[in-house]
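Number of protein chains: 2
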Amino acid sequence: MELVTLADIRTAADHIAGVAVRTPLLPAWWAGTDLWLKPEGLQPIGSFKLRGAYNTVASLPEEKRRAGIIAHSSGNHAQAAAYSARAFGVPCVVVMPNVAVPMKVEATRALGAEVILVPPPERDDVMAKIAQERGLNRVPPFDHPDVIAGQGTIGLEIVADLPDVDVVLVPVGGGGLASGVASAIKALRPAAAVIGVEPALAADAADSLSSGELRKWPTEQTYRTIADGLRTNLSELTFAHLSERLDGMVTVSEDEILDAMTRMVRGSRVLVEPSGAVATAAYLHHRAELPQGRTAAVVSGGNADPKLLADVFV
Amino acid sequence: MELVTLADIRTAADHIAGVAVRTPLLPAWWAGTDLWLKPEGLQPIGSFKLRGAYNTVASLPEEKRRAGIIAHSSGNHAQAAAYSARAFGVPCVVVMPNVAVPMKVEATRALGAEVILVPPPERDDVMAKIAQERGLNRVPPFDHPDVIAGQGTIGLEIVADLPDVDVVLVPVGGGGLASGVASAIKALRPAAAVIGVEPALAADAADSLSSGELRKWPTEQTYRTIADGLRTNLSELTFAHLSERLDGMVTVSEDEILDAMTRMVRGSRVLVEPSGAVATAAYLHHRAELPQGRTAAVVSGGNADPKLLADVFV
Numbered sequence: 001m002e003l004v005t006l007a008d009i010r011t012a013a014d015h016i017a018g019v020a021v022r023t024p025l026l027p028a029w030w031a032g033t034d035l036w037l038k039p040e041g042l043q044p045i046g047s048f049k050l051r052g053a054y055n056t057v058a059s060l061p062e063e064k065r066r067a068g069i070i071a072h073s074s075g076n077h078a079q080a081a082a083y084s085a086r087a088f089g090v091p092c093v094v095v096m097p098n099v100a101v102p103m104k105v106e107a108t109r110a111l112g113a114e115v116i117l118v119p120p121p122e123r124d125d126v127m128a129k130i131a132q133e134r135g136l137n138r139v140p141p142f143d144h145p146d147v148i149a150g151q152g153t154i155g156l157e158i159v160a161d162l163p164d165v166d167v168v169l170v171p172v173g174g175g176g177l178a179s180g181v182a183s184a185i186k187a188l189r190p191a192a193a194v195i196g197v198e199p200a201l202a203a204d205a206a207d208s209l210s211s212g213e214l215r216k217w218p219t220e221q222t223y224r225t226i227a228d229g230l231r232t233n234l235s236e237l238t239f240a241h242l243s244e245r246l247d248g249m250v251t252v253s254e255d256e257i258l259d260a261m262t263r264m265v266r267g268s269r270v271l272v273e274p275s276g277a278v279a280t281a282a283y284l285h286h287r288a289e290l291p292q293g294r295t296a297a298v299v300s301g302g303n304a305d306p307k308l309l310a311d312v313f314v
Numbered sequence: 001m002e003l004v005t006l007a008d009i010r011t012a013a014d015h016i017a018g019v020a021v022r023t024p025l026l027p028a029w030w031a032g033t034d035l036w037l038k039p040e041g042l043q044p045i046g047s048f049k050l051r052g053a054y055n056t057v058a059s060l061p062e063e064k065r066r067a068g069i070i071a072h073s074s075g076n077h078a079q080a081a082a083y084s085a086r087a088f089g090v091p092c093v094v095v096m097p098n099v100a101v102p103m104k105v106e107a108t109r110a111l112g113a114e115v116i117l118v119p120p121p122e123r124d125d126v127m128a129k130i131a132q133e134r135g136l137n138r139v140p141p142f143d144h145p146d147v148i149a150g151q152g153t154i155g156l157e158i159v160a161d162l163p164d165v166d167v168v169l170v171p172v173g174g175g176g177l178a179s180g181v182a183s184a185i186k187a188l189r190p191a192a193a194v195i196g197v198e199p200a201l202a203a204d205a206a207d208s209l210s211s212g213e214l215r216k217w218p219t220e221q222t223y224r225t226i227a228d229g230l231r232t233n234l235s236e237l238t239f240a241h242l243s244e245r246l247d248g249m250v251t252v253s254e255d256e257i258l259d260a261m262t263r264m265v266r267g268s269r270v271l272v273e274p275s276g277a278v279a280t281a282a283y284l285h286h287r288a289e290l291p292q293g294r295t296a297a298v299v300s301g302g303n304a305d306p307k308l309l310a311d312v313f314v
């Protein structure tokens, strides 16, 4: 299987410049002298997903792109697709489950997307039908080289800001973010370790990588974690990237995730959703399992339920 | 009176590089297509004050600096001084009022400073005595050219990220931030308008600038505003900068400040303290009084009481 290259990621960086925010690395002095946070919740849609989605749309031939795009998502990827389409001035359809959080549906509509609500089992059929009828281009949430290359731009920025980084901690859900970041880091700084982090309740990636085969966990299991962005299983493509380029996996508990959310908001004023807190949780609670040294934690997004955020706050 | 120059601000930028965070400009698409936020709450101490304090310490001759520094503050400047001293490995004493919020006292101590709590009226005497006894260097919160030059680096960064900026909105308390930002913007892009913003309940700067003389408002009046960082009056030095370089002032109400806090946290996931919200409040509620065009709002800090933040959230 062909893996994403550093050249692909550099092209993606050119594409997203001026659209995705060039996020800084924030020294988290309250946690230690060697931890930096990469706060992707500062992206205009609140998560790193904009990088991959926008790179995918930017990589389409102009003629095809003009027809518009289609995506399915119950969360951050919906807004990423909508924002990307809006930036190019092309139509966007987002198929969302009819059980999606109303706030997320509204946010997607506010970005100009046509939202189609369907019962979850009908999702793929509806999407295929509309894509076919209107000639729309699919923008997948993680299982595509252009998406992986887009997320990899985070790795380029980490090395640019912290050239002597020793450890990079990155959340693993479908694996697009971790695949991209690991591809960039291992190409630019092979000595640095890239460690994936996932909730113990959705540890399908740790399971797959330790067994050497792609293992899918059933949704009854993965849906127990509060980290809703990390309930997804790997794909063949992301499994191939992570098998080749990741140095290890660490799992964190639900309490550790909540604790990391509280400490990041208090210490660094960084709003974070549960999925975005796992990398920092690994640093705070599993230091002994990690390589030592200058560590960057990818804080992947900040779109949490306001009630939950208010709770972790006080 | 000699005013701070662009060269002074560029020197400050060299000083603070690698210590203060190079904050991005965040497109606030939820508020309009032409608003960007400069989120200074991302500084390691939660406000822009680090820029000026660190530049002041960096500008001391090494021999003098080694003796250490002293500052007085009840809030953000305390942490700015402590963080700066720690970065240089020199002693730091912070004189704080014995009525200061315990959390702020703790945060200052956590950064290694010696905190001395005094009854407010004794502040100046205690500070003079300790400075004298120990040979410490004073780091003032705003009334010093090195502080103004440090805050001015925000202006350099705005023009670097948004070269065709038309309007810059900046909070005005003691006036150090606005003096520095206006000095940078008017030197680099004279066509851009720099507008100061303050609470109507502490509109001493608007009063001073419209009357052409430095007018001090009594604390019984200015302490009515929730924006605790903006209760301070201008000094002769900042009044001189603002008279020469500011294009106008706008005042905002307490309700407008709270509304801007809510909308920034929801729309951009930017935690903001009341003082940090006034510039965005001016854009959201006083658009007709402002020059039109591409607008950057300086969000000066994010150190709000957690209870208040939780309230504006939900």
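Same order as they appear, the protein sequences are chains A and B. With UniProt numbering applied, the first sequence closes on residue 314, and no number is skipped along the way. With UniProt numbering applied, the second sequence closes on residue 314, and no number is skipped along the way. The beta carbon of each residue, even a glycine, is placed where N, CA and C say it ideally should be. All of these numbers come straight from a predicted model, not from anything done at the bench.
query                                                                                                                                                                         : result
By the 10 Å Cβ neighbour count, where 16 or more other Cβ atoms means buried, how is Tyr223 (chain B) classified, buried or exposed?                                          : exposed
Considering only the beta carbon of each residue, do Val278 (chain B) and Ile154 (chain B) sit closer than 8 Å?                                                               : no
Mind listing the chain B neighbours of Trp36 (chain A)? Cutoff is C-beta to C-beta under 7 Å, in chain order.                                                                 : Chain B residues near Trp36 (chain A): none, gap ~10 Å exceeds 7 Å.
Helix, strand or coil: how does DSSP classify Thr33 (chain B) here?                                                                                                           : coil
Thr23 (chain A) versus chain B: which residues are under 8 Å apart at the beta carbon?                                                                                        : Pro24
Can you give me the C-alpha to C-alpha distance between Leu177 (chain A) and Ala71 (chain B), rounded to a whole angstrom?                                                    : 44 Å
Going by other Cβ atoms of all chains shown within 10 Å of its Cβ, with 16 needed for buried, is Ser73 (chain B) buried or exposed?                                           : buried
Using DSSP with H/G/I as helix, E/B as strand and the rest coil, what is Lys49 (chain A)?                                                                                     : helix
Mapping DSSP to helix, strand and coil, what is Gly267 (chain B)?                                                                                                             : helix
For Ala281 (chain B), I'd like the list of residues in its chain whose CB is within less than 6 Å of its CB, leaving aside the five on either flank, ordered along the chain. : Val252, Glu256, Ile257 and Ala260
Which residues in the same chain have their Cβ closer than 7 Å to the Cβ of Asp247 (chain A), if we skip the five residues on either side of it in sequence?                  : Ala193, Val194 and Ile195
Would Trp217 (chain B) pass as an interface residue toward chain A - the criterion being a Cβ-Cβ separation below 8 Å?                                                        : no
List, in chain order, every chain A residue whose beta-carbon is nearer than 8 Å to that of Phe239 (chain B).                                                                 : The contacting residues do not exist; Phe239 (chain B) stays about 31 Å from chain A at best.
Any idea if Glu2 (chain A) is buried or exposed, counting beta-carbon neighbours within 10 angstroms, 16 or more meaning buried?                                              : exposed
Quick check on Thr295 (chain A): buried or exposed, where buried means 16 or more other Cβ atoms within 10 Å of its Cβ?                                                       : buried
Taking only beta carbons into account, state which residues of the region 300-311 of chain A come closer than 7 Å to chain B, listed in chain order.                          : Gly302, Pro306, Lys307, Leu309 and Ala310
For Gly41 (chain A), return the contacting residues in chain B, with the cut-off set at a CB-CB distance below 8 Å.                                                           : Arg269
Excluding the 5 residues flanking Ala187 (chain B) on each side, which residues of the same chain have their C-beta closer than 6 Å to its C-beta?                            : Leu6
For a quick check, are the C-beta atoms of Pro44 (chain B) and Pro27 (chain A) less than 8 Å apart?                                                                           : yes
Mind listing the chain A neighbours of Val314 (chain B)? Cutoff is C-beta to C-beta under 7 Å, in chain order.                                                                : Pro306, Lys307 and Ala310
Gly112 (chain B) and Ala82 (chain B) - do their beta-carbons sit closer together than 8 Å?                                                                                    : yes
For the region 278-308 of chain B, list the beta strand (DSSP E) runs that are entirely contained and at least 3 residues long, ordered along the chain.                      : 295-299
Could one say the Cβ of residue 352 (chain A) lies closer than 8 Å to chain B's Cβ atoms, at least one of them?                                                               : Residue 352 (chain A) lies beyond the range of chain A shown here (1 to 314); nothing can be said about it.
Under the assumption that Gly180 (chain B) contacts Val4 (chain B) (Cβ atoms under 8 Å), give the Cβ distance between them as a whole number of angstroms.                    : 7 Å
Could you list which residues in chain B have their beta carbon closer than 7 Å to that of Pro27 (chain A), in chain order?                                                   : Pro44
With the cut-off set at 8 Å, would you say Val168 (chain B) and Gly52 (chain B) are in Cβ contact?                                                                            : no
Is the closest heavy atom of the ligand FAD to the C-beta of Arg65 (chain B) under 7 Å?                                                                                       : No copy of the ligand FAD occurs in the structure displayed, which carries no ligand at all.
Using only the alpha-carbon positions, how far apart do residue 315 (chain B) and Arg269 (chain B) sit?                                                                       : As displayed, chain B neither begins before 1 nor continues past 314, which places residue 315 (chain B) out of reach and without an answer.
Under the DSSP definition of a beta bridge, which residues are partnered with Thr251 (chain B)?                                                                               : B:Glu198
Where does the unbroken alpha helix (DSSP H) through Met96 (chain B) begin, and where does it stop?                                                                           : Counting along the chain, Met96 (chain B) falls outside any alpha helix (DSSP H), though it belongs to the beta strand (DSSP E) covering Cys92 to Pro97.
What separation, rounded to the nearest whole angstrom, lies between the Cα atoms of residue 327 (chain B) and Leu214 (chain A)?                                              : Outside the displayed span of chain B (1 to 314) sits residue 327 (chain B), for which this structure offers no information.
Check Ala193 (chain A) in the structure and name its three-state DSSP category.                                                                                               : strand
Taking buried to mean at least 16 other C-beta atoms within 10 Å of its own C-beta, is Leu117 (chain B) buried or exposed?                                                    : exposed
Keeping to the same chain, check which residues put their C-beta closer than 6 Å to that of Met233 (chain B); ignore five residues upstream and five downstream.              : Here the sequence assigns Asn to residue 233 (chain B), which means Met is not the residue at that position. These residues qualify, in order along the chain: Asp204 and Lys216.
Just curious, the alpha helix (DSSP H) that Glu157 (chain B) is in, first and last residue?                                                                                   : Pro145 to Asp161
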